[in-house]
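Trainee:
There are 2 protein chains.
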Amino acid sequence: MTQTLEQIKAAMAATNDLFNSEVFAKGNYDAFDQIYTENSNILPPGAPMISGRPAIKEFWASAIASLSAKSVVLSSVDVALAGDGIVEIGKAVLTLQPEGQDAMDVELKYVVHWREEDGLWKWHTDIWNMNA
Amino acid sequence: MTQTLEQIKAAMAATNDLFNSEVFAKGNYDAFDQIYTENSNILPPGAPMISGRPAIKEFWASAIASLSAKSVVLSSVDVALAGDGIVEIGKAVLTLQPEGQDAMDVELKYVVHWREEDGLWKWHTDIWNMNA
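Chain order of the listed sequences is Y and P.
First residue of the first sequence: 1, per the numbering used here; consecutive thereafter.
First residue of the second sequence: 133, per the numbering used here; consecutive thereafter.
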């Protein structure tokens, strides 16, 4: 079934929302099954590439706890069709609040190569860095 | 004319080599015309996204000088066909040598969305970060 770019963008926004609404807000790490493809790779700053959904779940559980990250807002800056997939440039605002401190926002930017898997649009390659 | 993935990989390796052999070794910034697409974007760590080849040339001229960067070796880790383009995951070893100091290597990783422009395979979206 052919999807229009608008339909794909809506599906992407739904996936992106899960990162905040399920992972950050509820600590529901099973939601990563709907966010990352089974054989995805992430390239986090300050660490080597991490491959496969189980290892990626462990990375995020550890990173969110160690950063005291409370929420994240992702927004697309550019969405380019790339065959069966999409290359998205986006920005993220991550809100951190260590115990007893004021919340602070950190700006990041990212590139995600999206693929459709099991009828869902998911992150297949995910790399990001800080703006400052 | 349809190219095989092997032909595309060879063209990509030739472009990647220009980054070291022309830009780093000779200071030939005109070589960026063969490396980046006209409307490319780069997402460097510690700065906002930079759009368009003229601004990207200025970024690299400034970054190479301020880092005392002497050479770079790029190698592909994963090359995925993505419609008319390619999504490459790669690693880079950057050699820095500030005046009067020993050379030191820095490891980085990157994702590049490649597109063909004017018969050359070029970097259309380029994002990287440090491994440590």
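The C-beta atom is built at its ideal place from N, Cα and C for all residues, glycine as well.
In chain order, what residues of the same chain lie with their CB nearer than 7 angstroms to the CB of alanine 193 of chain P, ignoring the 5 residues before and after it?
Mentor: In the second sequence, residue 193 of chain P corresponds to position 61, counting from 1. Excluding residues within five positions, the ones whose Cβ falls inside 7 angstroms are Tyr161.
Trainee: Quick check on valine 106 of chain Y - is its C-beta less than 9 angstroms from some C-beta in chain P?
Mentor: Numbered from 1 along the first sequence, position 106 holds the residue referred to as residue 106 of chain Y. It does not: the Cβ of valine 106 of chain Y has no partner Cβ on chain P nearer than 9 angstroms.
Trainee: Between the C-alpha atoms of phenylalanine 164 of chain P and isoleucine 174 of chain P, what's the straight-line distance to the nearest angstrom?
Mentor: The count along the second sequence starts at 1 and reaches residue 164 of chain P at position 32. The count along the second sequence starts at 1 and reaches residue 174 of chain P at position 42. Answer to the nearest angstrom: the Cα atoms are 13 angstroms apart.
Trainee: Using C-beta distances below 8 angstroms, list every residue in its chain close to leucine 120 of chain Y, excluding the 5 sequence neighbours before and after it, in chain order.
Mentor: Your numbering for residue 120 of chain Y matches position 120 in the first sequence. The residues are Ala11, Thr15 and Gln34.
Trainee: Which residues, taken in chain order from the region 161–189 of chain P, show a beta carbon closer than 9 angstroms to some beta carbon of chain Y?
Mentor: Listed by position along the chain: Asn173, Leu175, Pro176, Pro177, Gly178, Ala179, Pro180 and Met181.
Trainee: According to DSSP, simplified to helix, strand and coil, what is glutamate 99 of chain Y?
Mentor: Start at 1 with the first residue of the first sequence, and residue 99 of chain Y comes out as number 99. Correct three-state label for glutamate 99 of chain Y: coil.
Trainee: Run through chain Y and tell me which residues come within less than 9 angstroms of threonine 257 of chain P, C-beta to C-beta.
Mentor: Your numbering for residue 257 of chain P matches position 125 in the second sequence. Those are Asp78, Ala80, Val87, Ile89 and Val111, listed as they occur along chain Y.
Trainee: Within 10 angstroms of the Cβ of threonine 169 of chain P, are there 16 or more other Cβ atoms? Answer buried if so, exposed if not.
Mentor: Taking the first residue of the second sequence as 1, we reach residue 169 of chain P at position 37. It is buried - the Cβ of threonine 169 of chain P has at least 16 other Cβ atoms within 10 Å.
Trainee: Could you list which residues in chain Y have their beta carbon closer than 8 angstroms to that of methionine 262 of chain P, in chain order?
Mentor: For this step, residue 262 of chain P is matched to residue 130 along the second sequence. Ordered by position in chain Y, the residues that pass the 8 angstroms Cβ test against methionine 262 of chain P are Pro45 and Gly46.
Trainee: Identify the contact partners of glycine 83 of chain Y in chain P, using a Cβ-Cβ distance below 8 angstroms as the criterion.
Mentor: Start at 1 with the first residue of the first sequence, and residue 83 of chain Y comes out as number 83. Chain P residues near glycine 83 of chain Y: Leu213, Ala214, Gly215, Asp216 and Gly217.
Trainee: Using the C-alpha atoms, what's the distance from valine 79 of chain Y back to histidine 256 of chain P?
Mentor: Locating residue 256 of chain P in the second sequence gives position 124, counting from the first residue. Locating residue 79 of chain Y in the first sequence gives position 79, counting from the first residue. Looking at the two C-alpha atoms, the distance is approximately 13 angstroms.
Trainee: Applying the 10 Å Cβ sphere with the 16-neighbour rule, what's the burial state of alanine 157 of chain P?
Mentor: Position 25 of the second sequence, counting from 1, holds the residue named residue 157 of chain P. When all chains shown are included, alanine 157 of chain P counts as exposed.
Trainee: Looking only at C-alpha atoms, which of P:Lys254, P:Glu249, P:Glu231 and P:Trp260 sits nearest to alanine 145 of chain P?
Mentor: By one-based count along the second sequence, residue 145 of chain P stands at place 13. Of P:Lys254, P:Glu249, P:Glu231 and P:Trp260, the residue nearest in Cα terms is P:Lys254.
Trainee: Would you mind giving the Cβ-Cβ distance between glutamate 224 of chain P and leucine 240 of chain P, rounded to the nearest angstrom? I have them listed as a contact below 8 angstroms.
Mentor: By 1-based counting over the second sequence, the position of residue 224 of chain P is 92. By 1-based counting over the second sequence, the position of residue 240 of chain P is 108. Just to set this straight, residue 224 of chain P is alanine in the shown sequence, not glutamate. Contact flag correct, Cβ pair sits at about 4 angstroms.
Trainee: Could you check the C-alpha separation between glutamine 135 of chain P and alanine 197 of chain P for me, to the nearest Å?
Mentor: As a working note, residue 135 of chain P is residue 3 in the second sequence. As a working note, residue 197 of chain P is residue 65 in the second sequence. Taking the straight line from one Cα to the other gives about 37 angstroms.
Trainee: Go ahead and label serine 207 of chain P buried or exposed: buried means 16 or more other beta carbons lie within 10 angstroms of its beta carbon, across all protein chains shown.
Mentor: Counting from one through the second sequence, the residue named residue 207 of chain P turns up at place 75. So serine 207 of chain P ends up on the exposed side.
Trainee: Tell me the start and end of each unbroken beta strand (DSSP E) in the region 14–74 of chain Y that is at least 3 residues and wholly inside, in chain order.
Mentor: Listed in chain order, the complete beta strand (DSSP E) runs (minimum 3 residues) inside the region 14–74 of chain Y are 36–43.
Trainee: What would DSSP say about alanine 11 of chain Y, mapped onto helix, strand or coil?
Mentor: Residue numbering aside, residue 11 of chain Y sits at position 11 when the first sequence is read from its first letter. Alanine 11 of chain Y falls in the helix class under three-state DSSP.
Trainee: Who are the Cβ neighbours of aspartate 126 of chain Y in its own chain at under 6 angstroms, not counting the five residues just before and after it?
Mentor: In the first sequence, counting from the first residue as 1, residue 126 of chain Y sits at position 126. Taken in chain order, the residues that qualify are Ile42 and Val112.
Trainee: Output the distance between the C-alpha atoms of proline 176 of chain P and alanine 47 of chain Y, rounded to the nearest integer angstrom.
Mentor: Taking the second sequence and counting its residues from 1, the one referred to as residue 176 of chain P is at position 44. Taking the first sequence and counting its residues from 1, the one referred to as residue 47 of chain Y is at position 47. Cα to Cα, proline 176 of chain P sits roughly 16 angstroms from alanine 47 of chain Y.
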